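Following: one structure in structure tokens, then a few remarks.
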């Protein structure tokens with residue numbers, strides 16, 4: 033079975049010019065700086081938007097202005113050695129919750145942009161032709177080249193979950209060359225073992241997914257929804273792939289939840305604050321394409 037890598041903002045933080053979430057959110061707050069407290073990023077964003085929105089103006093115009101500010105701030109995000117390590121792997125599909133192109137900078141290859149989506153990101157991917165074959169990067173939470181697609185607020189997350197639910201049920205439709213195209217339900221795909229890979233969602237059911245550099249905050253409802261749906265199919269005996277979550281620490285409650293969702297948590301300690309070594313160790317545990325089990 034093939035391997036898929038899902039990576040998040042943790043790897044970005046190793047770059048010299050990393051853009052922190054706190055700095056990013058403070059930038060878009062404007063003059064109304066407030067303490068985030070225990071609010072998840074989705075709710076911080078919604079408060080920023082609602083306090084800046086002018087009722088006589090368009091919701092879409094106000095929100096686009098905020099997202100354009102996010103895109104501009106993220107343009108400076110650089111790559112690093114861990115992205116280079118990921119890029120060198122014998123892996124075809126990479127998923128990321130990041131909006132930037134730090135991974136692409138590590139590849140140093142101009143992409144073929146394959147998505148026609150404007151707001152949501154079920155099919156959003158970039159194709160790279162390498163010496164060893166093709167690689168695909170799926171920006172599942174949007175990308176800075178298309179600010180409207182940047183997913184951060186509760187409204188956008190909930191809309192995305194609705195799209196994913198439709199995709200899994202087989203009621204999702206999209207347009208290709210002016211023609212309406214539908215997809216089979218995930219249940220039918222699993223029974224026939226035939227996947228169209230129209231969306232990154234298929235990879236969570238058809239490949240071994242390795243999650244690294246991602247906190248998997250509870251506000252990331254789209255990913256939790258997919259993991260939960262897959263776990264329900266596991267209980268029905270339809271799923272045979274594996275999901276691995278690599279981290280340096282995790283509380284018992286979250287670990288228990290992930291275990292109930294049929295996700296294996298792999299702990300790699302951070303020694304003397306060296307996150308680079310921790311990520312290297314985690315990534316080196318990911319099997320090559322030809323291997324079917326996790327390396328010891």
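Numbering (the numbering used here), first residue to last: 33 to 328. Where a beta carbon is used, it is the ideal one built from N, C-alpha and C, also for glycine. Source: prediction; values computed, not measured.
{"Query": "heavy atom of the ligand MG below 7 Å from residue 63 C-beta", "Result": "No copy of the ligand MG occurs in the structure displayed, which carries no ligand at all."}
{"Query": "Three-state secondary structure (DSSP) of residue 64", "Result": "coil"}
{"Query": "CB of residue 102 within 8 Å of CB of residue 84, strictly", "Result": "no"}
{"Query": "Backbone CA spacing between residue 75 and residue 94 [nearest angstrom]", "Result": "17 Å"}
{"Query": "Reduced DSSP category for residue 148 - H, G, I as helix; E, B as strand; rest coil", "Result": "coil"}
{"Query": "Residue 304 beta carbon less than 8 Å from that of residue 114", "Result": "no"}
{"Query": "The segment 44-51 / the segment 104-122 touching (three or more Cβ pairs under 8 Å)", "Result": "yes"}
{"Query": "Segments of 4+ residues assigned as alpha helix (DSSP H) that fall wholly inside the segment 102-152", "Result": "113-119 and 134-139"}
{"Query": "Simplified DSSP assignment, three categories, for residue 276", "Result": "strand"}
{"Query": "Helix, strand or coil at residue 161 [DSSP, three-state]", "Result": "strand"}
{"Query": "Assigned exposure category for residue 166 - 16 Cβ within 10 Å defines buried", "Result": "exposed"}
{"Query": "DSSP state of residue 242 mapped onto helix, strand, coil", "Result": "strand"}
{"Query": "Residue 42, buried or exposed, once every other Cβ within 10 Å from all chains shown has been counted against 16", "Result": "buried"}
{"Query": "Where residue 211 falls: helix, strand or coil (DSSP)", "Result": "strand"}
{"Query": "Test: residue 163 CB closer than 8 Å to a CB of chain C", "Result": "Absent here is chain C; the protein component of the structure consists of one chain."}
{"Query": "Whether residue 309 touches residue 261 by CB criterion (8 Å)", "Result": "no"}
{"Query": "Residue 35 versus 104, 276, 145 and 240, residue with shortest Cα-Cα distance", "Result": "240"}
{"Query": "Expected contact under 8 Å - CB spacing of residue 232 and residue 172 to nearest Å", "Result": "5 Å"}
{"Query": "Local Cβ density within 10 Å of residue 243, reported as buried at 16 or more and exposed below that", "Result": "buried"}
{"Query": "Three-state class that DSSP yields for residue 322 in the structure shown", "Result": "Low confidence applies to residue 322: its pLDDT is 47, below 50, so where it sits in the model is not reliable enough to give any reading."}
{"Query": "Continuous alpha helix (DSSP H) stretch holding residue 258: start and end", "Result": "253-267"}
{"Query": "Exposure label - residue 130; buried when at least 16 CB within 10 Å", "Result": "buried"}
{"Query": "Candidates 137, 138 and 164: closest to residue 122 by CA position", "Result": "164"}
{"Query": "Distance between residue 186 and residue 71 (C-alpha atoms, nearest Å)", "Result": "12 Å"}
{"Query": "Cβ-Cβ distance between residue 302 and residue 280 below 8 Å", "Result": "yes"}
{"Query": "Beta-carbon proximity list for residue 189, same chain, < 8 Å, skipping 5 on both sides", "Result": "74, 183, 251, 252, 253 and 254"}
{"Query": "Limits of the unbroken alpha helix (DSSP H) element including residue 80", "Result": "73-84"}
{"Query": "Alpha-carbon to alpha-carbon, residue 205 and residue 211", "Result": "10 Å"}
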